[in-house]
Amino acid sequence: MKKYIVIAAALLLSACASRPAQPPLALTLTPVLAQQATSQLAVQLSSKDERNHNYIAIIDSGATNVEEFQPESNIASTFQAALTKQFASEGVTVNTASTSNIAINIQQALVKVTQGLVKHDIDSQLQIELVVTTPKGTFSKKYSARSTKQEPFKVTREEIAQSLEKMMNSVLKEIAKDGELHQYLTENV
């Protein structure tokens, strides 16, 4: 009888200790497509996730209950694919033989949710650095976005994904409108 009590207690404790892994979040980005290509340039494009963790979102429900959410695909690759489409619409093509390179460095990308009993707070932060290296020199610029909001009830996976997508799309728009970046590309590539 004692043996069964010990086994039952061990099973109960192991069930409490293990937390099921969250399914990965899918991100869908919307590049800003130009109506007309303004230049015909060729660059190499690379991306790197410089963060020291793989998750893109965490939900803190208090005490020791923290859930981490991974992206469905590498966040740097996702942003690179969207930026490649955006540049292509502007007449900037990706060519591995080019002597010019644009490096995308993801420095920060996190949606932090503090879950309460009847509400949740979402604090989202994104920072991306573009480094353009050409035979004529280097151009570097950081783009960032941040948002906070408070909503009733429990947060959903869709809200988490939308929060990060909104920031990444905002940075894509900022890059599309960046006259300084486009001038550097036009004059130096």
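Mapped onto the UniProt record's numbering, the consecutive letters of the sequence shown carry residue numbers 1 to 189. Ideal placement from N, C-alpha and C gives every residue a C-beta, glycine not left out. The structure presented is a predicted model; accordingly, all values stated were derived computationally and were not measured.
Notebook entry, point to check: Name the DSSP bridge partner or partners of Arg-146?
Noted result: Sequence index remark: in the sequence shown, residue 146 carries index 146 (1-based). The partner list for Arg-146 (beta bridge, DSSP) reads Gln-125.
Next item on the list: Determine the DSSP secondary structure at Asn-65, reduced to helix, strand or coil.
Entry: By one-based count along the sequence shown, residue 65 stands at place 65. Three-state result, Asn-65: coil.
Notebook entry, point to check: How big is the Cα-Cα spacing for Arg-146 and Asp-123?
Noted result: What you label residue 146 is simply residue 146 of the sequence shown in a count that begins at 1. What you label residue 123 is simply residue 123 of the sequence shown in a count that begins at 1. Taking the straight line joining both Cα atoms gives about 8 Å.
Next item on the list: Could you tell me which of Ile-56, Tyr-184 and Lys-136 sits nearest to Pro-23, measuring between CA atoms?
Entry: One-based indexing of the sequence shown puts residue 23 at position 23. With distances taken between Cα atoms, Pro-23 lies closest to Ile-56.
Next item on the list: Would you tell me roughly how many angstroms separate the C-alpha atoms of Val-132 and Ala-103, rounded to the nearest one?
Entry: Taking the first residue of the sequence shown as 1, we reach residue 132 at position 132. Taking the first residue of the sequence shown as 1, we reach residue 103 at position 103. Distance between the alpha carbons of Val-132 and Ala-103 is about 6 Å.
Note to self: Distance check for Val-118 and Tyr-184, CA to CA, integer angstroms please.
What the structure shows: If you number the sequence shown from 1, residue 184 lands on position 184. If you number the sequence shown from 1, residue 118 lands on position 118. The alpha-carbon atoms of Tyr-184 and Val-118 are separated by roughly 50 Å.
Item checked: Where the beta strand (DSSP E) through Leu-41 begins and ends -> Residue mapping note: residue 41 aligns to position 41 of the sequence shown, counting from 1. Leu-41 -> beta strand (DSSP E) spans 41-49.
Next item on the list: Look at Ser-39 and Thr-186 and say whether their C-beta atoms are less than 7 Å apart.
Entry: Position 39 of the sequence shown holds residue 39. Position 186 of the sequence shown holds residue 186. In this structure, Thr-186 lies closer than 7 Å to Ser-39 by Cβ.
Check: Near Ala-17, what residues of its chain come up, given a Cβ to Cβ distance below 6 Å and the 5 sequence neighbours on each side ignored?
Finding: In the sequence shown, counting from the first residue as 1, residue 17 sits at position 17. Interpretation of Ala-17 is limited by its pLDDT of 47, a score under 50 that renders its predicted location unreliable; no figure is taken from the coordinates.
Notebook entry, point to check: Near Val-111, which residues of its chain fall below 7 Å by C-beta distance, leaving aside the five closest residues on each side in sequence?
Noted result: One-based indexing of the sequence shown puts residue 111 at position 111. Contacts found: Ile-56, Ala-57, Ile-122, Ser-124, Ile-160, Ser-163 and Leu-164.
Next item on the list: Would you mind sorting Ser-73 into buried or exposed? The rule is 16 or more other CB atoms within 10 Å of its CB.
Entry: Taking the sequence shown and counting its residues from 1, one reaches residue 73 at position 73. Exposed is the call here.
Note to self: In whole angstroms, give me the CA-to-CA distance for Val-43 and Thr-93.
What the structure shows: Here residue 43 corresponds to residue number 43 of the sequence shown, with the count starting at 1. Here residue 93 corresponds to residue number 93 of the sequence shown, with the count starting at 1. Roughly 6 Å between the two C-alpha positions.
Margin query: According to DSSP, simplified to helix, strand and coil, what is Phe-79?
Written below: Translated into positions along the sequence shown, residue 79 becomes position 79. Three-state result, Phe-79: helix.
Notebook entry, point to check: What does a CB cutoff of less than 7 Å around Val-171 pick up in its chain, not counting 5 residues either side in sequence?
Noted result: One-based indexing of the sequence shown puts residue 171 at position 171. Counting only Cβ-Cβ distances below 7 Å, and skipping sequence neighbours, we find Leu-126, Ile-128, Tyr-143 and Ala-145.
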